[in-house]
Amino acid sequence: MSTRSAPFSTTPTEAAALWHSCKEMLAQEIPAQQFATWIKPLKMRESDSALRIEVSNRFKLDWVRAQYLQRIVEVLEQMAGRAVPVELCIASRSKAGAAPVRRQLGASPEQPADALSASVAATPTKATAKAATKSSAKASAKITEKTAPKASATASSSTEAQLAPVSEADIPNYGIAVGMPAEQDPRSRARLDPRYTFDALVEGSANRMARAAAMHVATSPGELYNPLFIYGGVGLGKTHLLHAVGHLLLDRRPQAQVLYTHAEQFVTDVVTASRRGSFDDFKARYHNLDLLLIDDVQFFGGKEKTQEEFFNTFEALLSRKSHIVMGSDTYPKGLANITVRLASRFDSGLSVAIEPPELEMRVAILMNKAQAEGKELPEEVAFFVAKNVRANVRELEGALQNILAYSRFSGRAIDINLVRDALRDLLSIKNRQISVENIQKTVADYYKIKVADMHSKKRPANIARPRQIAMYLAKELTQKSLPEIGEMFGGRDHTTVLHAVRKITAERANDPDMNQQLHVLEQTLKG
505 MSTRSAPFST TPTEAAALWH SCKEMLAQEI PAQQFATWIK PLKMRESDSA LRIEVSNRFK
565 LDWVRAQYLQ RIVEVLEQMA GRAVPVELCI ASRSKAGAAP VRRQLGASPE QPADALSASV
625 AATPTKATAK AATKSSAKAS AKITEKTAPK ASATASSSTE AQLAPVSEAD IPNYGIAVGM
685 PAEQDPRSRA RLDPRYTFDA LVEGSANRMA RAAAMHVATS PGELYNPLFI YGGVGLGKTH
745 LLHAVGHLLL DRRPQAQVLY THAEQFVTDV VTASRRGSFD DFKARYHNLD LLLIDDVQFF
805 GGKEKTQEEF FNTFEALLSR KSHIVMGSDT YPKGLANITV RLASRFDSGL SVAIEPPELE
865 MRVAILMNKA QAEGKELPEE VAFFVAKNVR ANVRELEGAL QNILAYSRFS GRAIDINLVR
925 DALRDLLSIK NRQISVENIQ KTVADYYKIK VADMHSKKRP ANIARPRQIA MYLAKELTQK
985 SLPEIGEMFG GRDHTTVLHA VRKITAERAN DPDMNQQLHV LEQTLKG
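Residue numbers (our numbering): 505 to 1031.
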């Protein structure tokens, strides 16, 4: 039997002010898209027994209760200076007797604590404001500075403070050219995709540090974190961030010379200049930039002339205090067939990883993309898809397009049953057990080698290492014996597999970068 709570003694105005201040603090702590989806729509209603918060449906009630209610209660207590009883209920059913979810700091769900009857201060205290600032400055991603011994060393508190998320509204506006002819549009010259801006990027713990670093570069080019090296698996948003840096810089400095290019295009430009016997045009194009955004630099591997010209470009840009932002599928020291001097340049600024998005971030991405398409995606559908598509943002977008197309052509409303039909093949693949073949394909895709290399006798480092990693994962994630695994890797002896397993196990224990790569691969395989 629950205890009877004391009345919630405060005026409606004070309660409204308290709830408004609570939401303001939560907005500093929670990624913008998640805040807009889950917290902003919450409504406070008058009640003499508690601070009553209403949600629109049962699904939202369950999610807010599980993910945010405890933090809401803590923030309210910080601001009020005392425990505040909270009721969470469904708006449309509250008058019909729907049981509210009642929480108070220090009270268990089974036995609510008595409410304290006292007026509530509407204005946050200094301690509260300090706590909010501390919370907003946290960032849980792995980064690398030039002083760090490992490429994915955890950020120090001082670095985290420097890289705290920046609002575009906080950045001074240098003016935007008006009436510029279309052919002179700086974004067209820079080859920037209009879709890829900071506003369009869903933020989460997987990309928070990378986003913060990218915004700092866009607002203060040529100063800190030069070069900025963003690395991570396929489809996680590296390209989006590179374009976003260019857009934000041009918003503030429309006359800046900005260029986004892919590493393969840079290779082509080097080859063209070599054939013509003159690098004057090449240097005019690349050496006079204010910001160079270059994607997939792992493609420079093994191309000595290209690496030489990129090194020269790198030095020329640094000498004029221009900024360089690079994207790659692996950290600088993990790049294959890159010269030592170029790899050291890559690692001389700040290296930051992007990891696969967590569940909440995947839900926010789906709902954001659907809204951009002019469609409303039911929350339960977004969660269902997010739980079943975990690899990367690109696969999420592909799944969403399949769902929207299936709905359009079938004339059916979007619900769980339609999603099961639209994603039948994807779901059937996910439900299969992890196989050695799937491990080989996933690892080969990740390290940009051929699946056939898993079975070959080739022994260069860029093939042998991924093959050892695949053997390790096969031992860890399947029930296959060492001889069976060896047979599936080109008929290798079981001792070869054992050596690979021991080698990768030791490296994982001692090398945070290897551990991060294996974590990404395992998450992808487990779905």
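Where is the CB? At the ideal position from N, CA and C, for every residue including glycine.
7 Å CB neighbourhood of residue i in its chain, flanking five on each side removed
| i | result |
| --- | --- |
| Y729 | A717, H720, V721, G853, L854 |
| E901 | K873 |
| K945 | V955 |
| L908 | E877, K879 |
| N1019 | R1012 |
| I858 | A710, N711, A714, I734, G736, L740, G741, K742 |
| H959 | F993, G994 |
| Q1027 | P860, R894 |
| R969 | none |
| K825 | G726 |
| A890 | L863, R866, V867, L870 |
| N896 | G737, V738, G739, L740, P860 |
| H766 | D799, D800 |
Bridge partner(s) assigned by DSSP for residue i
| i | result |
| --- | --- |
| F887 | Paired residue(s): none; F887 is not in a bridge. |
| S832 | Y735 |
| L530 | According to DSSP, which records beta bridges pairwise, L530 is partnered with nothing at all. |
| I594 | V559 |
| H827 | L795 |
Pairwise C-alpha distance: residue j and residue i
| i | j | result |
| --- | --- | --- |
| I734 | C526 | 35 Å |
| L846 | A820 | 14 Å |
| D997 | P987 | 7 Å |
| D851 | H524 | 45 Å |
| L1002 | P860 | 29 Å |
| E533 | I576 | 11 Å |
| Y976 | V1005 | 5 Å |
| A973 | I1008 | Strictly speaking, residue 973 in this sequence is Ile, with Ala absent from that position. Looking at the two C-alpha atoms, the distance is approximately 7 Å. |
| V923 | Y950 | 28 Å |
| A694 | I842 | 27 Å |
| D552 | V706 | 39 Å |
| L881 | S985 | 45 Å |
| A531 | F818 | 39 Å |
| T982 | R691 | 49 Å |
| A536 | F702 | 11 Å |
| L745 | I869 | 15 Å |
| V856 | V738 | 15 Å |
| F887 | L863 | 8 Å |
| I938 | K979 | 11 Å |
| C593 | R556 | 7 Å |
| T1023 | I943 | Here the sequence assigns His to residue 1023, which means Thr is not the residue at that position. Roughly 13 Å between the two C-alpha positions. |
| G990 | D1017 | 26 Å |
| L696 | T515 | 53 Å |
| R912 | L931 | 21 Å |
| R699 | I953 | 30 Å |
| T1000 | H751 | 50 Å |
| E899 | R928 | 15 Å |
| V940 | L1029 | 11 Å |
| H747 | G585 | 45 Å |
| V774 | N561 | 59 Å |
6 Å CB neighbourhood of residue i in its chain, flanking five on each side removed
| i | result |
| --- | --- |
| A681 | Because the pLDDT at A681 is just 33, under 50, the model does not fix this residue reliably, and the value given afterwards should be weighed accordingly. Contacts found: P758. |
| K547 | E558 |
| A777 | F783, F786 |
| Y910 | A926 |
| V579 | C526, M529 |
| L795 | P725, L753, V762, H827 |
| R849 | F818 |
| Y678 | Bear in mind that a pLDDT of 30 at Y678, under 50, signals an unreliable position, so the number given afterwards is only what the model happens to contain. Answer for Y678: R756, R757, listed in chain order. |
Cutoff 8 Å; reference residue i; Cβ partners in own chain excluding five residues on either side
| i | result |
| --- | --- |
| V771 | F803, F804, K807, T810 |
| L822 | N730, I828 |
| D957 | A948, I967, P970, R971 |
heavy atom of the ligand PLP below 7 Å from residue i C-beta
| i | result |
| --- | --- |
| M865 | You won't find the ligand PLP in this model; it holds no ligand whatsoever. |
Contact between the segment 799-808 and the segment 824-841 is defined here as three or more beta-carbon pairs at a separation below 8 Å; is this criterion met? They touch, by the three-pair rule.
Are the segment 956-970 and the segment 1012-1019 in contact at 8 Å, needing three or more beta carbon pairs? Counting Cβ pairs under 8 Å, fewer than three are found: no touch.
Are at least three pairs of beta-carbons, each pair with one atom in the segment 704-714 and one in the segment 749-764, less than 8 Å apart? In this structure the segment 704-714 does not touch the segment 749-764; the number of beta carbon pairs closer than 8 Å is below three.
Are the segment 527-547 and the segment 559-574 touching by the rule of at least three beta carbon pairs closer than 8 Å? The answer is yes - the segment 559-574 touches the segment 527-547, with three or more Cβ pairs under 8 Å.
Is the number of C-beta pairs between the segment 802-819 and the segment 775-792 that are closer than 8 Å three or more? Under the 8 Å Cβ criterion, the segment 802-819 counts as touching the segment 775-792, having at least three qualifying pairs.
Enumerated in chain order, which unbroken segments of the alpha helix (DSSP H) with a length of 4 residues or greater are wholly contained in the segment 866-953? DSSP runs (the alpha helix (DSSP H)) wholly in the segment 866-953: 883-892, 897-914, 920-926, 928-935, 940-950.
For the segment 546-591, which segments carrying the alpha helix (DSSP H) assignment without a break, of at least 4 residues, lie completely within its bounds, in sequence order? The qualifying runs are 562-571, 573-584.
Do the segment 745-759 and the segment 916-923 make contact, defined as three or more Cβ pairs closer than 8 Å? Touching, no, given that fewer than three Cβ pairs across the two stretches are closer than 8 Å.
What are the complete beta strand (DSSP E) segments, minimum 3 residues, inside the segment 755-816? Runs found: 762-766, 795-799.
Quick check on the DSSP output: what are the complete alpha helix (DSSP H) runs of length 4 or more inside the segment 971-1031, in order along the chain? Segments of the alpha helix (DSSP H) lying fully in the segment 971-1031: 986-992, 998-1014, 1016-1030.
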